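J.:
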Amino acid sequence: MKLFHLFLLSLVCIVAAIAAPASAGPADLTVTSSAIDPLVLMKGDTGTLSVEIKNNGAESVTIRSARLYGSGVVALSDSYPSVGDIGAGNSKTFTFTVRADAGEGTFYPMFVLDIQDGGNLRYPIPVQVEDTPLTASVIGKPDAFSEGRTADITVKVGNPRPNAVSGVQVIPQGTGFKATPTGAFVGALPADGSGTVVFNLTPTAETDVTFQVVWRNGINTHTADLALPIVFGEDKRQADPVVTNVEVVPEAGGYRIVGDVMNAGLEAARSVLITPGAPATPTDPYRVYVVGTLDPDDASPFEVTFRADANVTEVPIVVEYRDSDGNRYTTTTMVEVGGMAAPVKDSEGGIPVAGIIIAVLVAIGVVGAIYYSWRRT
Amino acid sequence: MNVGFLRVLLNPGRFFEERMQSEPSLKIPALIAFIIGLIGAVSAALTANMIIGLLPAEAQAFGPVMVAFTVVGAIIVGFLSWVIYSGVFYLLSMLFKGEGSFKRTLEVTGYGLLPQVFGGIIGAAFLYRVISSLTVPTATSPEQIAEVTESLTNLMMTDPLMQVAGLVGILFVVWSANIWIFGMKYARNLSTRDAALTVGIPVGLYIVYTLITLTGWL
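Residue numbers (our numbering), protein chains in the order written: chain A, 184 to 560; chain B, 1457 to 1674.
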């Protein structure tokens, strides 16, 4: 009986062995494509590496495991254990998480498929690692900065990398200034692409402004800084009101100064006001003379009236104006009034009411006298 | 002194008609011109005194001399203006075939100056009011004296009270002109129209000039 059982078992095995389909060998498996995201890694970047294989044979292949190994670019994810069968003509994709651990260069981590029936497939996958960061440069700024004066700063971000990056932002950082906007979004930059952002910067002190460029290479965030020193100086283009052709005319109740104000700068002076400064006391009718906007090389006459003590020899003429951003500036021109006769304080130069009454009475008297004289003739 | 001449202010026609009955006399007209000169001297002295205030202390000693010269000059100007008015009226009346002596013209012109006595008094009062409201700094050089003097002149010319004084002066000149018309009518035997032209042309020009000066057009 035991011999019979043993015979049957052997027979089944032989039949099974003869009836089983023939298995495809490693020569029928090929790596059809591989891809890495991001396309080019930077040192320390993490990416995903995908490898697609295809069974070109007429029979299915049983794969025991798939794995990736190598130096420079290392796999962070585990290998694929017990992959199983891949039918004839079918494809399968294996995805690994990798990290660039070494420096720059092209690395070839090895993709290995272990075949159930023995043998394996080994395929090196090229992975490029390059550390070139994005670049930023200031392509527009004023000749000089002034305290409280808003200036336009134009920053250009370029991508010298061989692959596209995404989520590019520029964020001004530092103290002693106000920036609008507080951050600018550029978005994706293709290889060799660039983007431009403009900030309105208002410094309150001399400082350094750092424009931090933030971007993503795949899922990896990187930064690059661009420093812009803010040093106050005189703007060569700013408006420059100059007071000329001044004439001081003493008159009852004070002085009258007439003259011209000219804009010798290269930018318009807006809301130009002219007033006499202390120790002068502005008086009507021209306490303040409103010139309005003075374009470059334009001139306007002005007139101010004021009162000053007899011992005052100089009076400042204050020109106040604004730039196109609304920042206020003042310039002062001293005008000599010394050596002129000055009225005492109780003389205000107003309308002499008593004098006018006398004149009216005289007029009535004279007209009456003339009328009377002709009536009597 | 016969003060009946004051009638010339309100009834110049009757007054001069009566005056023509007697020989021309220049006593009262000269007195009127002298008084006008004196009033002008007061104004001039006020101005001179202000100018003297400019001078440095060591030069102040010349002040009385300057005031004396100013007073004498003003009196002379008073007489000169009388003669000049008379001369102009006399010459113009010749165009209208006027007849009568220059002495008679002097006489009636002198009487016609009478309203300007009042005008001079009011003008001097106004001038005093303006001058007393000024503080005059001390000048140390002739250039400064000239500059300050010019400034003072500007100040006074632009003072509203002085402009009112100028208008009042014009009113009294108009009153005088009215008297002169009657005077010239009788003194030079002119028709009323010719007398009015003889007086009106120079006086009108003078008033226009004064108004232009007051308004600062010149």
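Using N, Cα and C, we set each Cβ at its ideal position, and we do this for glycine too. Since we're looking at a predicted model, the values are computed, not measured.
1. Can you give me the start and stop residues for the beta strand (DSSP E) that methionine 1550(B) sits inside?
2. For the 8 angstroms Cβ check, are there 3 or more pairs between the segment 331–349 of chain A and the segment 380–391 of chain A?
3. What residue from Gly255(A), Lys275(A) and Arg344(A) has the CA that sits closest to threonine 245(A)'s CA?
4. If I measure Cβ to Cβ from isoleucine 354(A) and keep anything under 7 angstroms in the same chain, skipping five residues before and after, which residues do I get?
5. Please look up how many angstroms separate the CB atoms of proline 499(A) and threonine 488(A), rounded, as I've assumed it's under 8 angstroms.
6. Indicate whether valine 338(A) and phenylalanine 360(A) have their beta-carbon atoms separated by less than 7 angstroms.
7. What residue range is occupied by the uninterrupted alpha helix (DSSP H) comprising leucine 1465(B)?
8. Taking the alpha carbon of threonine 363(A) as the reference point, which residue from Gly370(A), Asp375(A), Pro373(A) and Val380(A) has its own alpha carbon closest?
9. Would phenylalanine 1628(B) and glycine 1575(B) qualify as a contact pair, given that the criterion is a beta-carbon distance under 7 angstroms?
10. Taking 8 angstroms as the threshold, find out whether the segment 1524–1540 of chain B comes into contact with the segment 1630–1647 of chain B through three or more Cβ pairs.
11. Determine the direct distance from the alpha carbon of lysine 1553(B) to that of glycine 1543(B), and round the result to whole angstroms.
12. Considering only the alpha carbon of each residue, which of Asp314(A), Ala537(A) and Ile308(A) lies closest to alanine 285(A)?
13. What first and last residue would you give for the alpha helix (DSSP H) that runs through alanine 249(A)?
14. Would you be able to state if there are at least three C-beta pairs under 8 angstroms between the segment 230–241 of chain A and the segment 265–283 of chain A?
15. Applying the criterion that 16 or more other CB atoms from any shown protein chain within 10 Å of the CB defines a buried residue, is leucine 259(A) buried or exposed?
16. Sort out for me which residues DSSP pairs asparagine 400(A) with in a bridge.
17. In its own chain, which residues sit with a C-beta less than 6 angstroms from the C-beta of glutamate 519(A), not counting the 5 before and 5 after it?
18. Just tell me which of Leu1617(B), Leu1511(B) and Val1527(B) has its CA closest to the CA of isoleucine 1492(B).
19. My understanding is that serine 262(A) touches arginine 247(A), with C-beta atoms under 8 angstroms, so please give their C-beta distance in whole angstroms.
20. In the segment 1558–1615 of chain B, which residue ranges form an unbroken beta strand (DSSP E) of at least 3 residues, counting only runs that do not cross its ends?
21. Identify the continuous alpha helix (DSSP H) that holds isoleucine 1508(B) and give its terminal residues.
22. In the DSSP assignment, the alpha helix (DSSP H) including alanine 1651(B) goes from what residue to what residue?
23. Assuming isoleucine 541(A) contacts valine 1624(B) under a Cβ cut-off of 8 angstroms, what Cβ separation, rounded to an integer in Å, is found between them?
24. Using 7 angstroms as the threshold, is the C-beta distance between leucine 1583(B) and serine 1478(B) below it?
25. Which of the three DSSP states, helix, strand or coil, is assigned to leucine 1627(B)?
26. Helix, strand or coil, according to DSSP, for valine 536(A) in the structure here?
27. Which of helix, strand or coil does DSSP assign to alanine 283(A)?
28. Give the interface partners of leucine 1440(B) over in chain A, defined as CB-CB distance under 7 angstroms, in chain order.
29. Along chain B, in chain order, which residues have C-beta atoms closer than 7 angstroms to that of serine 329(A)?
30. Let's see if you can read the secondary structure: which residues bound the beta strand (DSSP E) around methionine 293(A)?
31. Could you list which residues in chain A have their beta carbon closer than 7 angstroms to that of leucine 1617(B), in chain order?
32. For the beta strand (DSSP E) containing tyrosine 469(A), name the first residue and the last one.
33. Can you tell which of Val1664(B), Tyr1541(B), Leu1548(B) and Thr1669(B) has the C-alpha that lies nearest to the C-alpha of arginine 1649(B)?
34. When the Cα atoms are used, what is the spatial distance from serine 483(A) to asparagine 1467(B)?
35. Whose Cβ in chain B lies nearer than 8 angstroms to the Cβ of isoleucine 553(A)?
36. Near glycine 1568(B), which residues of its chain fall below 7 angstroms by C-beta distance, leaving aside the five closest residues on each side in sequence?
T.: In short, the structure shows the following:
1. Taken as a continuous stretch (DSSP letters only), methionine 1550(B) belongs to no beta strand (DSSP E), being part of the alpha helix (DSSP H) at 1519–1551.
2. Verdict: yes, contact present.
3. Out of Gly255(A), Lys275(A) and Arg344(A), the CA that lies nearest to the CA of threonine 245(A) is found in Lys275(A).
4. Gly366, Gln395 and Val397.
5. The pair is not a contact, with the Cβ atoms about 15 angstroms apart (cut-off 8 angstroms).
6. Contact flag unset, no.
7. Run containing leucine 1465(B): none; DSSP gives neither H nor E here.
8. Threonine 363(A) has its Cα closest to that of Val380(A), out of Gly370(A), Asp375(A), Pro373(A) and Val380(A).
9. Going by C-beta atoms, phenylalanine 1628(B) is nearer than 7 angstroms to glycine 1575(B).
10. No, the segment 1524–1540 of chain B is not in contact with the segment 1630–1647 of chain B.
11. The straight-line gap from Cα to Cα measures roughly 15 angstroms.
12. Minimum Cα distance to alanine 285(A) is reached at Asp314(A).
13. Taken as a continuous stretch (DSSP letters only), alanine 249(A) belongs to no alpha helix (DSSP H), being part of the beta strand (DSSP E) at 244–252.
14. By the Cβ test, the segment 265–283 of chain A is in contact with the segment 230–241 of chain A, since at least three Cβ pairs between them sit closer than 8 angstroms.
15. Result: exposed.
16. The partner list for asparagine 400(A) (beta bridge, DSSP) reads Asn403(A).
17. Counting only Cβ-Cβ distances below 6 angstroms, and skipping sequence neighbours, we find Glu497.
18. Of the listed residues, the one whose Cα sits closest to isoleucine 1492(B) is Val1527(B).
19. That pair is no contact at about 10 angstroms.
20. For the segment 1558–1615 of chain B, not one full-length beta strand (DSSP E) segment reaches 3 residues or more.
21. Element bounds for isoleucine 1508(B): 1483–1508.
22. Alanine 1651(B): member of the alpha helix (DSSP H) spanning 1648–1671, first to last residue.
23. Right, their Cβ atoms sit about 7 angstroms apart.
24. No, these two residues do not count as a Cβ contact at 7 angstroms.
25. In the structure shown, leucine 1627(B) adopts helical secondary structure according to DSSP, grouped into three states.
26. Looking at valine 536(A) - three-state DSSP - the assignment turns out to be helix.
27. Here alanine 283(A) sits in strand by DSSP.
28. The structure shown does not extend to residue 1440(B), since chain B spans only 1457 to 1674, so no value can be given for it.
29. Near serine 329(A) there are no residues of chain B at all, since even the closest Cβ is about 41 angstroms away, more than 7 angstroms.
30. For methionine 293(A), the enclosing beta strand (DSSP E) starts and ends at 293–298.
31. Identification of chain A residues near leucine 1617(B) by a Cβ-Cβ cut-off of 7 angstroms yields Pro535 and Gly538, ordered along the chain.
32. Where tyrosine 469(A) is concerned, there is no enclosing beta strand (DSSP E), given that its DSSP letter is neither H nor E.
33. The option with the nearest alpha carbon to arginine 1649(B) is Leu1548(B).
34. If you take the alpha carbons of serine 483(A) and asparagine 1467(B), they lie about 58 angstroms apart.
35. Correct list: Val1630, Trp1631 and Asn1634.
36. The answer, listed in chain order, is Ser1632, Ile1635, Trp1636 and Gly1639.
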